[in-house]
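According to my numbering, the sequence shown is numbered sequentially starting from 1357. The beta-carbon is built from N, C-alpha and C at its ideal position, and this holds for glycine as well. Here's the structure we're looking at; comments come further down.
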Amino acid sequence: MTTTRAATGESPGTATPAAGDARPPARRPGSAPRRLNADLAGVLLGVGLGASVALAITTQPGGSLSAPGGVATFLGSLTGLVGTYLALVMVLLMARVAPVEKVIGQDRLARWHRRLSPWPISLLVAHAVFITIGYAEQAKSGLGKEIGSLLGSYPDVLAATVSLGLMVAVGIASIRAIRRRLRHETWWVLHLYLYLALAFAFAHVLALGPAFVGHPLTQAVWSLVWAATAGLVVVYRFVLPVVRSVRLGLRVVEVRKEGDDIYSVVCTGRRLETLPVDGGQFFIWRFLTRHLWWEGHPYSLSALPAPPYLRLTVRARGDHSRALTGLAPGTRVFVEGPYGAFTRHARRRERALLIAGGIGVTALRALLEDLPRQAVPVVLLRVSRPEDLVFREELALLVEQRGGKLHELVGSRTDLPFDARSLKKLVPDIARRDVFVCGPDGFVEAVTRTASRLGVPNEALHHEAFSLS
Ligand SMILES: Cc1cc2nc3c(=O)[nH]c(=O)nc-3n(C[C@H](O)[C@H](O)[C@H](O)COP(=O)(O)OP(=O)(O)OC[C@H]3O[C@@H](n4cnc5c(N)ncnc54)[C@H](O)[C@@H]3O)c2cc1C
1357 MTTTRAATGE
1367 SPGTATPAAG
1377 DARPPARRPG
1387 SAPRRLNADL
1397 AGVLLGVGLG
1407 ASVALAITTQ
1417 PGGSLSAPGG
1427 VATFLGSLTG
1437 LVGTYLALVM
1447 VLLMARVAPV
1457 EKVIGQDRLA
1467 RWHRRLSPWP
1477 ISLLVAHAVF
1487 ITIGYAEQAK
1497 SGLGKEIGSL
1507 LGSYPDVLAA
1517 TVSLGLMVAV
1527 GIASIRAIRR
1537 RLRHETWWVL
1547 HLYLYLALAF
1557 AFAHVLALGP
1567 AFVGHPLTQA
1577 VWSLVWAATA
1587 GLVVVYRFVL
1597 PVVRSVRLGL
1607 RVVEVRKEGD
1617 DIYSVVCTGR
1627 RLETLPVDGG
1637 QFFIWRFLTR
1647 HLWWEGHPYS
1657 LSALPAPPYL
1667 RLTVRARGDH
1677 SRALTGLAPG
1687 TRVFVEGPYG
1697 AFTRHARRRE
1707 RALLIAGGIG
1717 VTALRALLED
1727 LPRQAVPVVL
1737 LRVSRPEDLV
1747 FREELALLVE
1757 QRGGKLHELV
1767 GSRTDLPFDA
1777 RSLKKLVPDI
1787 ARRDVFVCGP
1797 DGFVEAVTRT
1807 ASRLGVPNEA
1817 LHHEAFSLS
């Protein structure tokens, strides 16, 4: 079923129970992302990689390569240094450093983190193998004897071996086929061990690395880089979210049924007008009940904040999202964010096309509210069943206010294919619009592919998939 809807004139402010009671205080929009921040971070990381390689080469004692075991020991130092540096980069990619995250988006950072992760793990395994071979050749002993001697005589090597074991275990758990079988929470807790592994690795490199032993300057620089990384993680993942959450004092005021298994959670807080957030962004939400406090889950805002109210909307399918439907009013809420580059700042053209698959409508609804009139937005909502259509009146009104069009596409993928021909028919000028796509992974992938085929260039294609793994 394809329907083109018009507004009935109701207020989109149904985001809050009290909307319309009084004029809400002016809201603080998010600042525009600064590309320079991401470019600078990229250059710094590149310089760090070059410096690690240079350090391993220049601190190699003269003539050591021709000595017995020299080549293997050198390769061991090189792979060890570059491997630990890349492990540090992996942590930085997930540190949620706001000025960089805002430009790149957490989904893209997570993807880079995932693609990078096999490298440090493989390099560190290679490091362990090369060093053992090198030392065995040097001591003219067998490999087994050398392994025993390294583990028995050097406590730092033992710690580093445990660290490597942890990294390999996390790496294996992150392989897609295995990852899919694990609960997200199990996988997340396993990931925490990586921090422990890195702490062991750090101590070991300083105590035994040829680039550091007897080189106080490189020791100082290396320690500073690690301390800065740890500082960024602590500040951006713990300190700032806690400070912000305490300041906002968010509490649940209402849980509202929006559709068959779709519920909105409305929160109220202090000074929400100071929260810099854009439509399309998400927070990591932590609801402080006895069973939920330890689980942080990403959910987009489904409307711009209307101080003192904030709204998120969930499809209640899994453990966490289902538990949210029973939240009692007054429940305290901690948030981390806002995150995401899926905002009006990403626009490159005047006009916009917004496409939502299923629950992806949440981020799209907030983004639409944030778009100017000139965007003349066309909104396509793709759902399987009529009862999955939510925010119909809100969307219709927001679209009407901007002189745009709303199409509701209801039906199965076979009944209602979302291919290039149907997309072009619905939005003939698609190639001249910014295209924003939001929804489940597969949906986002398929739609962006189709839009590319219809001539939408990459810089005008913006997407948020509801999955960070
Ligand atoms: C940027 C972003 C925005 C999102 N916005 C919304 C939204 O507005 N409304 C909505 O209903 N859903 C949204 N989601 C999806 C939502 O986060 C997951 O569906 C939710 O975490 C599932 O938890 P669960 O316990 O209910 O389900 P589960 O059955 O435990 O998980 C279902 C799926 O969600 C994934 N998942 C579980 N926990 C997390 C987590 N902490 N972080 C990332 N993925 C996780 C699992 O890997 C699995 O693929 C969003 C996801 C992302 C990444």
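Residue i, enclosing beta strand (DSSP E) - first and last residue
i     : result
T1681 : Segment: none, T1681 is in no beta strand (DSSP E) and carries neither H nor E.
R1607 : L1606 to K1613
T1896 : Nothing in the structure corresponds to residue 1896, since the chain is present only between 1357 and 1825.
K1761 : K1761 to V1766
P1654 : H1653 to S1656
E1692 : R1688 to Y1695
G1713 : A1708 to G1713
D1512 : Unbroken run through D1512 is the alpha helix (DSSP H), P1511 to A1529; no beta strand (DSSP E).
A1821 : L1817 to A1821
Residue range of the alpha helix (DSSP H) that includes residue i
i     : result
I1460 : A1454 to I1460
F1430 : G1426 to L1449
A1492 : P1474 to A1495
D1726 : V1717 to D1726
E1750 : R1748 to Q1757
L1782 : A1776 to L1782
Under 8 Å between C-beta atoms of residue i and residue j
i     : j     : result
L1448 : L1588 : yes
R1329 : R1607 : In this structure the chain extends from 1357 to 1825, so residue 1329 is not present and cannot be described.
A1567 : S1420 : no
L1657 : L1648 : no
G1713 : P1784 : no
A1697 : P1417 : no
L1737 : E1706 : no
V1812 : I1711 : no
F1638 : Y1695 : yes
L1401 : G1439 : no
T1699 : G1636 : yes
D1790 : R1729 : no
G1504 : G1425 : no
R1535 : W1544 : no
A1708 : A1684 : no
L1680 : V1689 : no
S1530 : F1556 : no
D1726 : D1634 : yes
L1442 : L1472 : yes
Alpha-carbon spacing of residue i relative to residue j, whole angstroms
i     : j     : result
M1523 : W1475 : 11 Å
L1405 : V1399 : 10 Å
A1378 : P1661 : Reliability fails at A1378, whose pLDDT of 47 lies under 50, so the model's placement of it is uncertain and no value is given.
Q1757 : E1629 : 23 Å
L1724 : L1754 : 7 Å
H1560 : S1509 : 13 Å
A1375 : F1747 : With a pLDDT of 40 at A1375, under the threshold of 50, the modelled position of this residue cannot be trusted; read the value that follows with caution. Computed Cα separation, rounded: 15 Å.
H1826 : G1682 : With the chain covering only 1357 through 1825, there is no way to say anything about residue 1826.
P1413 : A1516 : Residue identity check: residue 1413 is Ile in the sequence provided, not Pro. Roughly 22 Å separates the two Cα atoms.
R1832 : W1578 : Residue 1832 lies beyond the range of the chain shown here (1357 to 1825); nothing can be said about it.
I1618 : L1548 : 32 Å
G1798 : R1805 : 11 Å
A1776 : V1734 : 16 Å
A1576 : Y1551 : 21 Å
Three-state secondary structure assigned by DSSP to residue i
i     : result
G1811 : coil
W1543 : helix
V1409 : helix
R1671 : strand
W1582 : helix
H1647 : coil
P1632 : coil
A1802 : helix
L1562 : helix
G1386 : coil
F1639 : strand
Y1592 : helix
V1734 : strand
Top-ranked residue by Cα proximity to residue i, from the options
i     : options                       : result
D1512 : V1545, I1534, Q1575 and G1565 : G1565
V1621 : G1674, R1678, G1636 and F1594 : R1678
L1853 : Q1637, V1691, R1612 and T1630 : Nothing in the structure corresponds to residue 1853, since the chain is present only between 1357 and 1825.
H1469 : L1444, H1483, D1790 and G1652 : L1444
A1659 : T1415, P1597, L1720 and R1769 : L1720
R1741 : T1440, S1768, V1791 and L1552 : S1768
G1652 : E1541, A1672, A1451 and T1440 : E1541
C1623 : L1631, E1610, D1634 and D1617 : E1610
A1407 : R1593, R1600 and T1574        : T1574
L1396 : H1571, V1453 and A1423        : V1453
Q1494 : T1429, R1535, Q1462 and L1472 : T1429
I1640 : Q1462, L1507 and L1772        : Q1462
Any non-hydrogen atom of ligand 2 closer than 7 Å to residue i Cβ
i     : result
Y1551 : This structure lacks ligand 2; the ligands present are ligand 1.
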